[in-house]
Structures are given as C-alpha cells and as structure tokens.
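Undergrad:
Protein chains: 2
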Amino acid sequence: MPDSSLSPLPEATGPGRVANRSLSVTDQIRDAILDGTVSAGERINEVRFSKTLEVSRTPVRAALQALAGEGLLDYAPNRGFTVREFPLSAIVDAYEIRASLEGVAARFAAERGLSAEERAIIEESLVAGDKLLARGEFAEGDLTIYRGINGDFHDTLLGAARNRMLAEMIRICHHVPMSSSRNIVAFEHRDVRRRHDDHHRIYDAIMAREPWRAEVLMREHVSGVKSSLVKSLIERGEQADIVHGSAAG
Amino acid sequence: MPDSSLSPLPEATGPGRVANRSLSVTDQIRDAILDGTVSAGERINEVRFSKTLEVSRTPVRAALQALAGEGLLDYAPNRGFTVREFPLSAIVDAYEIRASLEGVAARFAAERGLSAEERAIIEESLVAGDKLLARGEFAEGDLTIYRGINGDFHDTLLGAARNRMLAEMIRICHHVPMSSSRNIVAFEHRDVRRRHDDHHRIYDAIMAREPWRAEVLMREHVSGVKSSLVKSLIERGEQADIVHGSAAG
DNA sequence: TCGGATTTAATTGTATTCACTTTGCTGCGG
DNA sequence: CCGCAGCAAAGTGAATACAATTAAATCCGA
Numbered sequence: 008m009p010d011s012s013l014s015p016l017p018e019a020t021g022p023g024r025v026a027n028r029s030l031s032v033t034d035q036i037r038d039a040i041l042d043g044t045v046s047a048g049e050r051i052n053e054v055r056f057s058k059t060l061e062v063s064r065t066p067v068r069a070a071l072q073a074l075a076g077e078g079l080l081d082y083a084p085n086r087g088f089t090v091r092e093f094p095l096s097a098i099v100d101a102y103e104i105r106a107s108l109e110g111v112a113a114r115f116a117a118e119r120g121l122s123a124e125e126r127a128i129i130e131e132s133l134v135a136g137d138k139l140l141a142r143g144e145f146a147e148g149d150l151t152i153y154r155g156i157n158g159d160f161h162d163t164l165l166g167a168a169r170n171r172m173l174a175e176m177i178r179i180c181h182h183v184p185m186s187s188s189r190n191i192v193a194f195e196h197r198d199v200r201r202r203h204d205d206h207h208r209i210y211d212a213i214m215a216r217e218p219w220r221a222e223v224l225m226r227e228h229v230s231g232v233k234s235s236l237v238k239s240l241i242e243r244g245e246q247a248d249i250v251h252g253s254a255a256g
Numbered sequence: 008m009p010d011s012s013l014s015p016l017p018e019a020t021g022p023g024r025v026a027n028r029s030l031s032v033t034d035q036i037r038d039a040i041l042d043g044t045v046s047a048g049e050r051i052n053e054v055r056f057s058k059t060l061e062v063s064r065t066p067v068r069a070a071l072q073a074l075a076g077e078g079l080l081d082y083a084p085n086r087g088f089t090v091r092e093f094p095l096s097a098i099v100d101a102y103e104i105r106a107s108l109e110g111v112a113a114r115f116a117a118e119r120g121l122s123a124e125e126r127a128i129i130e131e132s133l134v135a136g137d138k139l140l141a142r143g144e145f146a147e148g149d150l151t152i153y154r155g156i157n158g159d160f161h162d163t164l165l166g167a168a169r170n171r172m173l174a175e176m177i178r179i180c181h182h183v184p185m186s187s188s189r190n191i192v193a194f195e196h197r198d199v200r201r202r203h204d205d206h207h208r209i210y211d212a213i214m215a216r217e218p219w220r221a222e223v224l225m226r227e228h229v230s231g232v233k234s235s236l237v238k239s240l241i242e243r244g245e246q247a248d249i250v251h252g253s254a255a256g
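Sequences listed follow chains A and Z, in order.
So the first sequence is numbered by the working numbering: it starts at 8 and just counts up by one.
So the second sequence is numbered by the working numbering: it starts at 8 and just counts up by one.
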C-alpha cells in the first residue's frame with residue numbers, strides 16, 4: 008500500500024518560512040504517525056518515504072532519527088525504524104507522568120513568578136473559559152475553542168517554569184498517540200467546567216506564591232483528565248483491564 | 008585546537024560487538040561532552056569531528072542528531088549543533104525533575120509488583136550496602152563500590168516500573184553534566200548511611216504494596232541528594248545564588 | 001516433500017559530491 | 001575612521017553512488 012495522504016511539500020510554507028527539508032519532513036512523518044496514516048508496529052521503509060515525499064533519503068533519515076529521539080519510533084541497527092506501539096497502559100501512564108511533570112512546572116512557576124505578559128495571557132484564558140462555559144452547555148465547535156484556551160493556560164505556565172528539559176519532557180508526553188489534547192472531544196460540559204475551575208485555583212496558588220499547593224493542584228488536575236479518559240473508554244466498552252493501578256485516582 | 012583525547016575506533020569492540028559506526032560515534036561524542044573534552048557552548052564542526060574520528064560526515068551527523076534528541080546538543084538550521092550549556096540552576100532543576108519521575112517509578116513498581124529476580128537484586132543491594140556501611144567509615148574505593156550498589160537499586164526499581172518512557176526520561180536526567188552519580192564522591196559517610204536507610208524504607212513500602220508511600224519516600228530520597236549537592240557546593244564557595252527556590256527542600 | 005545451504009534481491013549504512021547558506025574579510029565610498 | 005557592498009572562504013544541507021548487512025527465494029539433497 009503506497010502511503011496515502013502523505014503529500015510532498017506544499018512549497019515555501021508561508022511567511023514563517025521553512026528552515027530546511029529535514030525539519031519539514033520530520034513534521035510530515037510525525038503527523039502521519041499521530042493520525043495513523045502509518046500504523047503502529049509498522050516498519051518504515053526509507054526509500055518508499057523518500058519517493059512519496061519527493062526528497063532523497065538523507066532528510067528522511069534525519070527525520071526518522073529525530074522522531075526516534077522523541078520516542079515515536081524504535082531503532083534497531085541494520086534493521087531501521089519501526090513505529091512504536093503504545094498500548095492503553097502506556098497511554099495512561101503517560102498521563103500519570105505528565106501529571107507529575109506539570110506539577111513540578113507549576114511549583115517552579117510559583118517559585119519563580121510570572122511576567123506581566125504571562126499573567127495577562129493566563130488571566131485572559133481564565134476569562135475566556137468562564138465566558139464560554141457560562142451558558143451551561145456547548146455549541147458546535149466550542150470544544151475546539153476551549154482546547155485552545157486550555158493550551159494557552161498550560162503552555163504559558165510551562166514557559167513560566169523556565170526550564171527547558173521539563174518543557175521538552177511534557178511535550179513528549181503530549182505527543183503520545185491518543186494522549187494528545189484532541190481527545191478532550193469526548194468530554195462532557197460538566198467535566199470541562201470542573202477542570203476550568205482547577206485552572207482558577209492553580210493560578211490562585213501561583214499568584215499567592217504557594218509552590219507546593221500549586222504542584223498538588225496541578226497534579227490532581229492533570230490526573231483528573233486521565234481519569235476522565237479512562238472512564239470514557241470504559242463506558243465505550245473498550246478493554247480497560249489493561250490499565251494498572253487505581254484508575255479512579 | 009584539534010580535539011585532543013578523541014581517538015578513532017579501537018576496532019571491533021570485544022564480544023558485544025559494535026553494531027554500526029553511527030552508534031559508536033554517538034558514544035564517543037557523548038563521552039567527550041560529559042567529560043568536558045568539548046566545552047559547553049562550543050559549536051561543533053562536523054568535518055573536524057569526522058576527520059578526528061576517521062569516518063565520514065554521515066555517521067557524525069547521525070550521532071549529533073541523536074545527541075540533540077538526548078538534550079545534550081542544541082540544533083539551529085543551517086548553523087549546526089552546539090554543546091548545550093547547563094547552568095547550576097538547570098542541574099538542580101534536573102534533580103528536582105528526577106525526584107518527581109523516580110517517585111512515579113517507585114509508585115508504579117509498588118502497584119505492579121516485583122519479579123523474583125528483581126527482589127533478589129534489590130535485597131542483595133541492601134545487604135551489600137549495610138555491610139559496606141557497617142564499619143562507620145569509608146576505605147579507599149568504597150564510594151565507588153557504593154555507587155554500583157546504589158545504581159543496582161535504582162535501576163532495578165526503574166525496571167520494575169515497566170514503563171519505557173519513564174526510564175528514558177530518568178536516563179536523560181542522569182546524563183545532565185554534573186548531575187550524574189559520579190558526584191556522590193563528595194559526600195560524607197553519614198549522608199550515604201542516611202540514604203541507604205532510605206533505600207530500606209522505600210523497599211519496605213513497595214513490598215507492603217503502598218504505592219503512594221513509596222512515591223513520597225523515593226521523591227524525598229532523590230531530593231535529599233540534591234540538597235546534599237547544593238550544600239556541598241555552597242560549602243565549596245561556588246556561586247549558589249543562581250539556585251532558585253528553597254534549596255533546603 | 002521437507003530441510004538446509006546458497007544465491008539473489010531488498011534495505012540499511014557509509015562515503016562522496018554538489019548546492020546552498022552563512023560568515024568573515026576586503027575594499028570602496030562617504 | 002566608520003559603514004556598507006560585494007566577494008571569498010568555510011560550513012551545513014541534500015542528493016547520489018557505493019558498500020555491507022539482512023531478508024527472501026531458489027535450488028539442491030535426503
């Protein structure tokens with residue numbers, strides 16, 4: 008099967024122009040993995056990809072190595088790269104790890120303090136969320152909007168932690184297939200309301216300069232997302248017995 | 008200056024034979040970074056490395072990309088790779104992150120349980136540590152031995168967590184320059200005694216299947232190493248004011 | 001017909017070459 | 001003396017060619 012939906016470069020990509028082919032190819036292959044165009048466990052053929060993307064093997068190999076560094080691919084010498092499989096247990100674990108890491112990030116942010124810009128962005132995200140949730144139910148597309156609001160909140164806080172390693176690790180957690188924020192789609196208004204309230208409390212703790220409280224709250228917050236996911240998966244009847252530990256948190 | 012102490016391959020490396028040049032080169036460059044042969048902030052010249060290591064640029068580039076994935080190098084398009092700098096604050100933060108991650112690992116281990124082998128290795132590490140510490144003071148080389156014991160304990164527990172992403176992230180924390188276990192060298196007998204007692208308690212919590220207790224204990228344990236490091240750095244008069252937050256933990 | 005060794009194709013690893021970008025220098029003009 | 005334009009050198013990015021390894025298929029021999 009000749010990888011469908013994997014098109015060549017759309018030429019010089021807009022104003023934020025593309026730096027080089029390797030990076031562009033990296034993004035394309037990553038997307039292909041995350042949206043399932045190439046399936047898990049599959050072995051990646053370098054020449055096939057280079058033909059599909061209309062580049063040589065060199066940038067393809069660079070991209071594959073980068074993606075292996077991100078944990079999306081496995082590498083075996085002389086046998087190339089394979090798409091890593093993420094069983095449900097690994098996905099749930101990724102939430103747990105992210106909860107812990109974002110907790111640390113919240114603590115750091117509370118210790119280090121926020122810039123004026125950061126405060127502005129977060130406060131705007133809180134207001135926007137309140138407004139969106141005020142009606143008591145979602146209209147079409149509201150969840151997509153909230154996803155942006157949610158992203159602003161978390162990204163800004165992460166930036167305020169002022170630690171790159173932490174940011175990169177959390178980013179990796181986000182890139183675990185299924186674990187990304189797009190899954191919020193499945194959630195109820197009540198769940199989102201509750202999580203947005205979490206945001207308020209976390210921000211309060213940070214502004215009050217209470218690092219450990221901020222950490223605990225953030226941790227519980229992210230862990231709550233995990234619980235919601237597990238719950239919704241169970242309700243959908245998927246095999247959830249793979250999940251270790253106490254799913255209820 | 009033509010990179011000293013960076014020698015070409017010593018040919019087919021023993022029984023665990025080298026898979027390919029890229030991996031070998033990766034190890035060599037990583038070592039060169041960690042032991043300071045190439046200094047922090049320095050920009051890496053691909054052709055120079057390829058000449059020194061007597062390989063083409065191709066495996067060198069592969070190695071550099073891999074090391075960038077590990078967070079040891081920075082990459083900028085069309086400007087190549089530079090050795091990433093780790094200010095003291097980043098090193099201290101790395102301990103904090105590791106404390107959090109290893110805490111999660113301990114919790115997972117307590118939830119999932121240990122195999123017979125794992126129990127054996129850990130119990131042996133505990134006994135060996137007790138024996139080594141019984142005399143009340145260290146002989147020459149004892150600290151090196153204890154470093155091995157310490158490694159066995161942590162590595163085995165990490166394996167018992169049965170999560171690869173977690174393992175990789177903790178490994179990255181260990182590879183932060185200065186943050187590696189080799190720095191234990193500076194510590195007193197009393198500190199090591201205390202930390203070995205931590206190991207006992209952590210193992211107890213895990214065997215008692217008390218996940219959260221295991222997590223808290225492990226976290227405090229690793230955090231204690233950080234505190235010792237910070238303390239010893241302050242005593243040595245190094246500029247420790249870079250450190251954010253409460254160093255005492 | 002099955003097992004195994006050998007050969008052949010496919011795929012990855014490495015080297016080399018060429019193209020493009022960046023950077024530093026040189027010289028001209030102000 | 002300073003600044004800027006253009007040019008030259010160095011370095012990275014990508015493509016192609018070649019080598020080595022692995023996987024598959026074929027061809028025996030029992």
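Ideal Cβ positions, reconstructed from N, Cα and C, are used throughout, including at glycine.
Between the region 110-122 of chain A and the region 164-176 of chain A, are three or more C-beta pairs nearer than 8 Å?
TA: yes
Undergrad: Give me the Cα-Cα distance between A:Met-185 and Z:Arg-50, rounded to the nearest whole angstrom.
TA: What you label residue 185 of chain A is simply residue 178 of the first sequence in a count that begins at 1. What you label residue 50 of chain Z is simply residue 43 of the second sequence in a count that begins at 1. Between A:Met-185 and Z:Arg-50, the C-alpha separation is close to 38 Å.
Undergrad: In chain A, which residues lie less than 7 Å from Z:Met-176 when you measure between Cβ atoms?
TA: Counting from 1 along the second sequence, the entry for residue 176 of chain Z is found at position 169. What Z:Met-176 touches in chain A: Met-176.
Undergrad: Who are the neighbours of A:Glu-131 on chain Z, taking C-beta pairs under 7 Å?
TA: By 1-based counting over the first sequence, the position of residue 131 of chain A is 124. Chain Z residues near A:Glu-131: none, gap ~26 Å exceeds 7 Å.
Undergrad: Determine the DSSP secondary structure at A:Phe-88, reduced to helix, strand or coil.
TA: The sequence position of residue 88 of chain A within the first sequence is 81, counting from 1. Strand at A:Phe-88.
Undergrad: Within the 8 Å Cβ cut-off, does Z:Gln-72 reach chain A?
TA: Here the question's residue 72 of chain Z lines up with position 65 in the second sequence. So, interface residue.
Undergrad: When every heavy atom of the ligand NAP is checked, does at least one fall within less than 7 Å of the C-beta of Z:Tyr-102?
TA: Judged by which ligands are present, the structure shown has none, so any question about the ligand NAP falls away.
Undergrad: When we look at the beta-carbon of Z:Thr-33 and count the other beta-carbons within 10 Å, is it buried (16 or more) or exposed?
TA: Numbered from 1 along the second sequence, position 26 holds the residue referred to as residue 33 of chain Z. Buried, since its Cβ has 16 or more Cβ neighbours within 10 Å.
Undergrad: If you run the structure through DSSP and keep just helix, strand and coil, what is A:Leu-80?
TA: In the first sequence, counting from the first residue as 1, residue 80 of chain A sits at position 73. Strand at A:Leu-80.
Undergrad: Between Z:Glu-242 and Z:Ser-235, what straight-line distance do the alpha-carbon atoms span, to the nearest angstrom?
TA: In the second sequence, counting from the first residue as 1, residue 242 of chain Z sits at position 235. In the second sequence, counting from the first residue as 1, residue 235 of chain Z sits at position 228. So the alpha carbons of these two residues sit roughly 10 Å apart.
Undergrad: Look at the Cβ atom of Z:Gly-231, then the Cβ atom of Z:Arg-200, and state whether they are nearer than 8 Å.
TA: Translated into the one-based positions of the second sequence, residue 231 of chain Z becomes position 224. Translated into the one-based positions of the second sequence, residue 200 of chain Z becomes position 193. No. Outside cutoff.
Undergrad: Z:Gln-72: which of Z:Glu-53, Z:Val-62, Z:Thr-59 sits nearest, CA to CA?
TA: The count along the second sequence starts at 1 and reaches residue 72 of chain Z at position 65. Residue Z:Glu-53 is the option with its Cα nearest to Z:Gln-72.
Undergrad: A:Val-111 CB to nearest chain Z CB: under 8 Å?
TA: As a first step, residue 111 of chain A must be located in the first sequence, where it is residue number 104. Closer than 8 Å: yes.
Undergrad: Taking C-alpha atoms, which residue in A:Gly-136, A:Glu-227, A:Val-45 lies nearest to A:Val-90?
TA: Translated into positions along the first sequence, residue 90 of chain A becomes position 83. Taking only the C-alpha atoms, the option nearest A:Val-90 is A:Val-45.
Undergrad: Which residues in chain Z sit within 9 Å of A:Ser-57, going by Cβ to Cβ distance?
TA: As a first step, residue 57 of chain A is located in the first sequence; it is residue number 50 there, counting from the start. The contacting residues do not exist; A:Ser-57 stays about 15 Å from chain Z at best.
Undergrad: Helix, strand or coil for A:Arg-50 per DSSP?
TA: Counting from one through the first sequence, the residue named residue 50 of chain A turns up at place 43. If DSSP states are grouped into helix, strand and coil, A:Arg-50 belongs with the strands.
Undergrad: Suppose you measure from the CA of Z:Ala-112 to the CA of Z:Arg-154; what does that come to, to the nearest Å?
TA: In the second sequence, the residue the question calls residue 112 of chain Z occupies position 105. In the second sequence, the residue the question calls residue 154 of chain Z occupies position 147. Take the alpha-carbon of Z:Ala-112 and the one of Z:Arg-154: they are about 20 Å apart.
Undergrad: If you reduce the DSSP assignment to three classes, tell me which class A:Met-185 lands in.
TA: Translated into positions along the first sequence, residue 185 of chain A becomes position 178. Reduced to three states, the DSSP call for A:Met-185 is coil.
Undergrad: Does DSSP put A:Pro-218 in a helix, in a strand, or in coil?
TA: On the first sequence, position 211 is the one that residue 218 of chain A refers to. Note: A:Pro-218 maps to helix in three-state DSSP.
Undergrad: From Z:Gly-158 to A:Thr-151, what distance separates their C-alpha atoms?
TA: As a working note, residue 158 of chain Z is residue 151 in the second sequence. As a working note, residue 151 of chain A is residue 144 in the first sequence. So the two alpha carbons sit approximately 46 Å from each other.
Undergrad: Can you give me the C-alpha to C-alpha distance between Z:Pro-82 and Z:Phe-88, rounded to a whole angstrom?
TA: Position 75 of the second sequence, counted from the first residue, corresponds to residue 82 of chain Z. Position 81 of the second sequence, counted from the first residue, corresponds to residue 88 of chain Z. Here residue 82 of chain Z is Tyr; the residue named in the question, Pro, does not match the sequence. If I take the Cα positions, the gap works out to 5 Å.
Undergrad: Within the chosen definition, does the region 91-111 of chain Z reach the region 56-72 of chain Z through at least 3 CB pairs nearer than 8 Å?
TA: no
Undergrad: By the criterion of Cβ-Cβ separation under 7 Å, what are the contact partners of Z:Pro-84 in chain A?
TA: As a position in the second sequence, residue 84 of chain Z is number 77, starting the count at 1. Result: Ala-26, Asn-27, Leu-30.
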